[in-house]
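Number of protein chains: 2
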Amino acid sequence: MISRSCAGLLRPHKMSLGRACGPARCTVPNQWARRSSASTEPLQPDSEGRTAGAPSPQKHIPFTSEKYPNMKRDTRFSQLNSRHVQYFKDLLGGGSAVIDGVSVDASADLEPFNSDWMRKYKGHTKLVIKPASTEEISQALKYCNDNMLAVVPQGGNTGLVGGSVPVYDEIVLSTSRINTIRSFDPVAGTLVVDAGCILESVDQFLADKGYIFPLDLGAKGSCQIGGNVATNAGGLRLLRYGSLHGNVLGLEVVLPDGTIMDDLTTLRKNNTGYDLKQLFIGGEGTLGIITGVSILCPQRSQAVNVAFFALESFEKVQHAYREAKQQLSEILSAFELMDGRSQDLVHNVTNKKRPLEGDHPFYCLIETSGSNAEHDKEKLHQFLEHVMSEEIVSDGTLADNASQMQSLWSWREGITECLGHWGGVYKYDVSIPLSDLYELVEDTRARLSSAGLVGDTNEHPVVAVVGYGHMGDSNLHLNVATRRFDKAVEEKLEPFVYEWIAKRNGSISAEHGLGLQKKPYIGYSRSETMIRLMKQIKELFDPRGIMNPYKYI
Amino acid sequence: MISRSCAGLLRPHKMSLGRACGPARCTVPNQWARRSSASTEPLQPDSEGRTAGAPSPQKHIPFTSEKYPNMKRDTRFSQLNSRHVQYFKDLLGGGSAVIDGVSVDASADLEPFNSDWMRKYKGHTKLVIKPASTEEISQALKYCNDNMLAVVPQGGNTGLVGGSVPVYDEIVLSTSRINTIRSFDPVAGTLVVDAGCILESVDQFLADKGYIFPLDLGAKGSCQIGGNVATNAGGLRLLRYGSLHGNVLGLEVVLPDGTIMDDLTTLRKNNTGYDLKQLFIGGEGTLGIITGVSILCPQRSQAVNVAFFALESFEKVQHAYREAKQQLSEILSAFELMDGRSQDLVHNVTNKKRPLEGDHPFYCLIETSGSNAEHDKEKLHQFLEHVMSEEIVSDGTLADNASQMQSLWSWREGITECLGHWGGVYKYDVSIPLSDLYELVEDTRARLSSAGLVGDTNEHPVVAVVGYGHMGDSNLHLNVATRRFDKAVEEKLEPFVYEWIAKRNGSISAEHGLGLQKKPYIGYSRSETMIRLMKQIKELFDPRGIMNPYKYI
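Keeping their order, the protein sequence lines are chains A and B.
Following my numbering, the numbering of the first sequence begins with 6 at its first residue and continues without gaps.
Following my numbering, the numbering of the second sequence begins with 6 at its first residue and continues without gaps.
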């Protein structure tokens, strides 16, 4: 029980917000919930294709249609009229179910549905519908399909690539009113929930039963399970529990023509035909709307330990990772990478005492989660002794209590916020084969340095080029901290970074998806054959193209 | 190191053969390899839709086309002619690449490709092609597609549902000549192999590097990775490592028109479009031929422990399973269920000393695999003390050494073979929500008993109705041991069993797939909507229908 509460202390709401991708991604869904009524303290908007690290004064959000003048509204779609609105009022009962931008002054009400929490994308929707059941979603979608009304499914609206907000006048279909936990089998650990359930609420429900949701991410206080599955969210628990493609057991989906596809099995094994649900996992709402999710939940670990150590090269980081997998295997729950420059910046900004003496080119944070605190600590001690005696690791420390764990995690979690200290940050969230992972940072740094763009003085736009991320998932965050956004920097970065990734068969989107932002770049990660097949799948499930148009592929 | 070798002793080839589904499934691929040249000791053939448990004298295999007289050869397909054969000889170089049933007496050579190891299905192919590269497979398939020649992809031909042998004169495309390990990243644990690699060879390759293939099954000495993926094989390691849908990172697939779909990424995270590879996992070769597989491999456990215990009710079994997950969580690698009757039969046949005193209605076997033998044993001891003091478990024992482990496992592994002692066995491999799992056995037993079909004397066809299986995967083996196959028994069993499963939203095929055998029954596990969508997917990828016809859906 002591250990369980440590885990709780280790990830209080505020702490955990930043862990996945730093504050930019993570704090805002909650700020956004406030902002949607009071509109205070928005985040700093940022240059195309990147997110900025630190809050800044409020700013007008430009319409996406203005930011992308070459994109045009699809004229096949109908314009919303009063007859349509009346249909939805009749179907859904009006009131909270329908926000009618036609008949009432809805500017205050529609704003949170029209724009994303990064304040980067803004649509022109005049109608948000909030059906209260799968059946209502079915009828609503059928009507949209029959009447050529485009639809954007929206969960917690915490995405990072503009996938959950309209571009033009698409109707927003919010899943927030279908939010019941349908069933939980405490023996098998199988959970069935409505798509609109909030991740954190579900995880709390499971915690009371000794189970854990196999996904955790910073936006958990706002994001919905349906959206998590639709975007194939990765998050903090992937190293230990694997991806949603393995954990989701079944889905209930409403197809664009209103057909309800009931594949909501709770079986762990079911080899009867093509595994269609997989297409909707990461389908970003372009094939249908997920209304129910069945998922396998593991036991919650009773013990958590954290270690932090310094290494002299990326080769040694790889070596340490290999040793950690070998010696800690079944209890290893996080292996996070931070380069020396990122830690220098955190130190410069926070002025906190460093966990280890001296300067080192790399640092790693290891977390273990198991069923016996003493066993796990013993394994961690043995591991640290081994890697230090073998000179794989130069120095290391092991947290003795929850507050020390929290303090060690802050050196990883604090990076994104600190990077924003000087101004804007160019951020790339990519996946690269492990052996090449850090080379992208070195090559990018060399490229910007040789162009004279990096330096300690104000005439240099770039403060530092740093790398950190989820080593265990081959997921790198390449970040370029700047004093100001600068065209010269951007030209050096793109398409260089995408081409570099494509050459190593990496992914331009490790976990954030395509949405609107990365749609043009899919060719860097997928072949023409794959893209053609994807388009055929889209055509098959959504022949009229009403689902989340202008995005994805 | 001691523990590692224990694991080896625990699963020598002969022992592990039976574990997945007993000897019927498991020993034969190796016998078959012998039989293909010498034709000795075939298995007992069995009644439709079931496999028999024990070997019997050799018997002629009837043609599938004769067993299913209502099924007709699709007349859209071309008849093989000498021009076709010449094309393949030119393409593949003749010799081992082509077995030409037209120009040579090929009865001896074609037999192993025309029939399955259970000697249940037999086709009429006149041509087997064995391309040596993905490029050759691409050209061969394109030619077949252009010339309307039907194709059956064949790996190790160890399937259980007739999926890998032709029905009529389909060309067999064997993947056995593409069998290279393409790459292994010892840091990330990502392995890329040709589809034709044998599972056991790959696992041995990984063992030498401290890794493990996340799938293990009885036929490992013959089955190929491509076939494993195409059938979404479940096997022995699913409880611990999850399904292939979560572990496969990428695939290379040749589509029916010869297009090579290169999705052979080694990335753990890649959110760039629909996850198309998932359709081929469990697609049973009906959409294309898998030629390459990229998969994430976990560390090999250094310590293995086994416990065996008795329980007084299925409620207590569920309770024990829940406790095991809680207390052993990260080290739990098997939780196998055996009912008392199954253990009685094993005892009657083998006359071995039972592991525990007295008769109990249920027994369970627990295996743990971890990185520290002492820690794991301590956890197991604590677990056993707890469940015994709480009277969840009536009695239990913990293996002290490898030979004791092997002995305990034999009470689970020996079941299938012993069931065949009296004659034939009706076998169902199904998946049911855990709380209802054993009820199917009770209901089936009551049904057969009330019809007067079960008894100790020869006038009763049924010896016993038993249940056992992978508790951790909700995967039950319902077995009806008989003195003889009997129409009255069959009529009581079907469609009763399928209907019973359908009512509980279970699966009629937990891990064996559909193939030819279960094609008619998919409606018991899938809705019309799902089946319609599956047919559309098939039409999209294989518009001319040349891939593995007459099967699946």
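By construction, the Cβ of each residue, glycine as well, lies at the ideal position given by its N, Cα and C atoms.
Per DSSP, the continuous beta strand (DSSP E) segment holding residue 296 of chain B begins and ends at 294-301. Contact between residue 183 of chain B and residue 155 of chain B does not hold, since their C-beta atoms are separated by about 21 angstroms, which reaches or exceeds 8 angstroms.
Residue 82 of chain A sits in coil when the DSSP states are folded into three classes, being neither helix nor strand.
Contacts between residue 96 of chain B and chain A, judged by CB atoms closer than 9 angstroms, are missing: the closest CB pair is about 22 angstroms apart. Per the C-alpha coordinates, the member of A:334, A:142 and A:365 positioned closest to residue 318 of chain A is A:365.
By the rule that beta-carbons nearer than 8 angstroms mark a contact, residue 516 of chain B touches chain A. With contacts defined by Cβ atoms closer than 8 angstroms, residue 469 of chain B and residue 350 of chain B form a contacting pair. The C-beta of residue 130 of chain A has 16 or more other C-beta atoms within 10 Å across all chains shown, which makes the residue buried.
Residue environment: residue 282 of chain A is assigned as buried (16 or more neighbouring CB atoms within 10 Å of its CB, all protein chains considered). Residue ranges of uninterrupted alpha helix (DSSP H) with 4 or more members, entirely inside the segment 340-386 of chain A and ordered along the chain, are 345-355. The Cβ-Cβ distance between residue 385 of chain A and residue 484 of chain A does not fall below 8 angstroms. Runs of the alpha helix (DSSP H) lying entirely within the segment 110-173 of chain B and spanning at least 4 residues, in chain order: 112-119 and 139-151. Chain order gives the chain B residues near residue 326 of chain A as 192, where near means a beta carbon separation below 8 angstroms. When the alpha-carbon of residue 477 of chain B is set against those of A:272, A:90 and A:170, the nearest one is in A:272. Per DSSP, reduced to three states, the secondary structure at residue 180 of chain A is coil, with no helix or strand assignment. Not flagged as an interface residue toward chain B: residue 169 of chain A, since no C-beta distance is shorter than 8 angstroms.
In terms of Cβ geometry, residue 207 of chain A and residue 186 of chain A form a close pair [threshold 8 angstroms]. Judged by DSSP in its simplified three-state form, residue 467 of chain A adopts strand.
Distances from the alpha-carbon of residue 440 of chain A to those of A:414, A:84, A:256 and A:327 put A:327 closest. Taking a C-beta cut-off of 9 angstroms against chain A, the contacting residues of the segment 507-536 of chain B are 510, 511, 512, 513, 514, 515, 516, 517, 518, 519, 523, 526, 527, 529, 530, 531, 532, 534, 535 and 536, listed in chain order. Within the segment 480-544 of chain A, the complete alpha helix (DSSP H) segments of 4 residues or longer fall at 492-498 and 501-508, listed in chain order. The beta carbon of residue 482 of chain B does not come within 8 angstroms of any beta carbon belonging to chain A, so the residue lies off that interface. Ranked by how close their Cα comes to the Cα of residue 357 of chain B, the residues B:300, B:295 and B:420 have B:420 in first place.
Using a CB distance cut-off of 8 angstroms, residue 335 of chain B counts as an interface residue toward chain A. Residues of chain B whose Cβ lies closer than 8 angstroms to the Cβ of residue 503 of chain A do not exist, since the nearest Cβ in that chain is about 11 angstroms away. For residue 463 of chain A, no chain B residue has a Cβ inside 8 angstroms of its Cβ, as the nearest lies near 37 angstroms away. Close CB contacts of residue 188 of chain A within its chain, under the 7 angstroms cut and outside five residues either way in sequence, are with 197 (chain order).
Per the Cβ contact rule, the segment 126-142 of chain A is not in contact with the segment 486-495 of chain A (fewer than 3 Cβ pairs under 8 angstroms). In this structure, the beta-carbon distance from residue 294 of chain B to residue 249 of chain B does not fall below 8 angstroms.
For residue 431 of chain B, there is no enclosing alpha helix (DSSP H); the residue is part of the beta strand (DSSP E) that begins and ends at 430-436.
The C-beta of residue 370 of chain B comes no closer than 8 angstroms to any C-beta of chain A. Taking a C-beta distance under 8 angstroms as the contact criterion, residue 343 of chain B and residue 473 of chain B qualify as a contact pair. Listed by position along chain A, the residues whose Cβ is nearer than 8 angstroms to that of residue 276 of chain B are 236, 237, 239, 287, 512, 514, 515, 516, 517, 518 and 519.
Rounded to whole angstroms, residue 233 of chain B and residue 542 of chain A show a C-alpha spacing of 25 angstroms. Put simply, the CB of residue 187 of chain A is far from chain B, with every gap to its CB atoms at 8 angstroms or more. When DSSP reads this structure, residue 552 of chain A sits in a beta bridge with A:156.
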